[in-house]
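Residues in the sequence shown are numbered consecutively from 92, following our numbering. Note that the Cβ used here is the ideal one computed from N, Cα and C, for glycine as well.
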Amino acid sequence: MTTLHPTTHDVRALREDELRGAHALFGAALLHGPVSDEQWERARGLYAPGRAFGVHDGPAEGAALIGTAMSFPVEVAVPGGAVLPTAAVTRVGVRADRTRRGVLSALMRHQLGEAAAAGDVLASLRATEGRIYGRFGYGVATRGRSVRVRRTGGSGWRAGAPVGGAVRLLAADEALATLGALHERIGLGRAGGMTRTAPWWRLGLGALLAERTLVLAAVHTGPDGDDGYLVATVDDSRGWDDRVLELRDLHAASAEASAALWRFALDVDLVSAVQARQRPLDEPLDLLLADPRDCAVTDVHDETWLRIVDVPAALGARRFGGAGPVLLAVHDAVLGANGGVYRIAGGEVQRVGELGGAATPDLECDAAGLAMAYLGDRSPSELVAAGWWRAWSPDAVARADAAFATGRLPWCGTNF
Ligand SMILES: CC(C)(COP(=O)(O)OP(=O)(O)OC[C@H]1O[C@@H](n2cnc3c(N)ncnc32)[C@H](O)[C@@H]1OP(=O)(O)O)[C@@H](O)C(=O)NCCC(=O)NCCS
């Protein structure tokens with residue numbers, strides 16, 4: 092089971108006038124350069140009141156900030172379609188000369204406690220490194236892949252691949268409002284999808300529009316109206332025969348809209364390839380192309396690191412399949428109130444006992460292991476086989492697989 096760094100540091104909510112300093116500390120921890128006034132203007136809206144925390148270099152008034160973390164409130168879709176209040180955790184950094192002294196551990200403990208008190212059921216983050224957050228109960232709950240699609244004469248589209256609808260380019264000044272409204276309508280169509288706030292858009296797309304020479308924003312219209320969009324940029328430092336379209340964002344409500352948007356991207360003149368990161372693992376690009384080898388999967392990576400802040404609420408909100416009962420013991424080293432034995436049967440979840448009590452569990456996991464199965468990315472049997480879950484009753488593994496099965500891989504597609 093997880094053990095946490097013993098060092099304690101005082102953590103407190105940062106005042107409004109301390110936020111820019113916190114943002115600069117985070118930027119430096121990520122090895123970015125100084126934050127310009129213009130960048131801060133775009134970033135500041137993401138800081139929600141009372142949700143940015145700091146650790147200072149000692150108790151004295153005016154002591155320097157040495158570590159920070161914040162979150163902004165969003166909602167995340169879970170299997171069955173419910174959307175749960177979620178802390179989108181970001182801007183995490185510790186000053187380079189104060190690392191490995193427990194500063195992050197203190198921030199994480201404090202932040203999770205505050206998230207629970209604020210009613211967040213989940214917390215979600217994107218990690219710079221894979222070894223940082225597991226100890227705090229975060230697990231990889233959605234994954235994405237990087238793809239590069241080569242353009243070999245025309246778009247290389249397979250005859251018979253879905254086609255239809257119309258794609259229109261947006262002017263820069265209409266992109267923010269149009270895409271924001273469209274994502275709100277279609278962005279939570281699968282488990283893992285996350286709402287985007289206006290400050291997120293100002294930072295995500297606003298920064299692209301301000302800093303890149305060319306940004307293509309396009310909307311697909313299908314039989315029922317606008318049903319998908321893409322945002323792409325081009326690196327124009329390369330020669331005419333080597334221009335790559337970087338697909339930054341693509342959300343679609345249907346397979347047809349998704350195919351049409353990919354086809355549009357591949358048909359842009361003077362583009363030799365289209366590449367994208369953080370695409371769903373099940374996006375069927377190779378099936379759409381005349382030559383499936385034109386699509387190379389260049390990487391598979393973790394996307395959502397999920398922390399279940401309120402286990403009873405999260406289990407209660409998610410749809411479970413299967414009929415047979417599963418008794419699952421959940422351990423939580425940080426938020427002890429989540430610990431207990433949960434009975435999942437006939438789609439219902441009930442907490443039936445304390446850890447070590449009379450209810451004998453079939454299966455056992457910690458918060459990170461639960462997060463990995465929660466949205467449907469990993470099955471209980473995979474997690475048992477890898478030692479993330481323990482099975483006391485081998486028969487229960489198949490029942491747990493049936494209970495947690497979702498039929499479609501989760502995916503988010505929103506970076507922050
Ligand atoms: C990642 C970071 C925030 C960790 O902060 P920190 O204050 O050093 O973390 P802690 O001292 O609380 O570490 C807690 C434990 O995690 C381990 N740990 C922390 N960061 C780690 C890393 N990057 N790789 C491996 N282990 C790490 C520590 O060794 C420690 O283990 P221990 O309890 O067995 O001693 C800090 O190194 C940092 O700012 N990195 C650069 C910016 C960044 O990547 N931020 C994260 C954005 S998602």
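Residue closest to A113, alpha-carbon to alpha-carbon, out of L95, A405, R186 and P164
R186
With H, G and I counted as helix, E and B as strand and the rest as coil, what does DSSP make of E302?
Reduced to three states, the DSSP call for E302 is helix.
Burial state of H147 (16 or more Cβ within 10 Å):
buried
Reference G118, options A154, L270, R182 and R287, closest by Cα:
R182
With a threshold of 7 Å, establish whether the CB of V185 neighbours any heavy atom of ligand 1.
yes
Which same chain residues end up closer than 8 Å to P150 when comparing Cβ atoms and leaving out the 5 residues on each side of it in sequence?
D101
When the Cα of P371 is compared with those of A356, D382 and D393, which residue comes out closest?
Per the Cα distances, D393.
Which of helix, strand or coil DSSP assigns to G36:
The requested residue 36 does not occur in the structure, where the chain is confined to residues 92 to 507.
Which stretch, first to last residue, makes up the alpha helix (DSSP H) that contains H100?
Segment: none, H100 is in no alpha helix (DSSP H) and carries neither H nor E.
Going by the CB atoms, is the gap between A308 and L270 shorter than 8 Å?
yes
Does the beta-carbon distance from C83 to W479 come in below 8 Å?
Since the first and last residues shown for the chain are 92 and 507, residue 83 lies out of range.
By how many angstroms is the C-alpha of V194 removed from the C-alpha of A120?
13 Å
Should A503 and G283 be called a contact, given that it needs their Cβ atoms to be closer than 8 Å?
A small correction: the amino acid at residue 503 is Cys; Ala does not occupy that position in the sequence shown. Result yes, Cβ atoms of C503 and G283 sit closer than 8 Å.
DSSP puts I399 in a beta bridge; with which residues?
L213
Kindly indicate the opening and closing residues of the alpha helix (DSSP H) around H114.
L110 to A120
Would you identify the three-state DSSP class for A494, choosing helix, strand or coil?
A494: helix per DSSP, three-state reduction.
In or out: T219 buried (at least 16 other Cβ within 10 Å) or exposed?
Under this definition T219 is an exposed residue.
Measuring CA to CA, which of A155, V180 and A209 is closest to D188?
A155
Which parts of the stretch 178–209 are runs of the alpha helix (DSSP H), unbroken and 4 residues or longer, counting only runs that do not cross its ends?
With a minimum length of 4 residues, the continuous alpha helix (DSSP H) runs that stay inside the stretch 178–209 are 194–209.
In angstroms with no decimal places, state the Cα-to-Cα distance between S328 and Y465.
43 Å
Output needed for G437: all residues of its chain with C-beta closer than 7 Å, excluding positions within five of it in sequence on either side, in chain order.
A414
Can you tell me which of the three DSSP states A346 falls into?
helix
Going by C-alpha to C-alpha distance, which of R200, I157, G204 and A168 sits closest to G184?
I157
Would you please state the rounded distance, in angstroms, between the beta carbons of L397 and G230? I believe it to be under 8 Å.
6 Å
Residue environment, T68, which counts as buried when at least 16 other CB atoms sit within 10 Å
Look at the range of the chain in this structure, 92 to 507, and you will see that residue 68 is not part of it.
Go through its chain and collect everything with a Cβ distance to S237's Cβ below 6 Å, but skip five positions before and after it.
R368, T389 and D390
Please say whether G145 and E107 have beta carbons closer to each other than 8 Å?
no
Taking the CB atoms as reference points, tell me whether V335 and S363 lie closer together than 8 Å.
yes
Which residues mark the beginning and the end of the beta strand (DSSP E) in which I157 is found?
L156 to A168
Mind checking whether the beta-carbon of L110 lies closer than 7 Å to any heavy atom of ligand 1?
no
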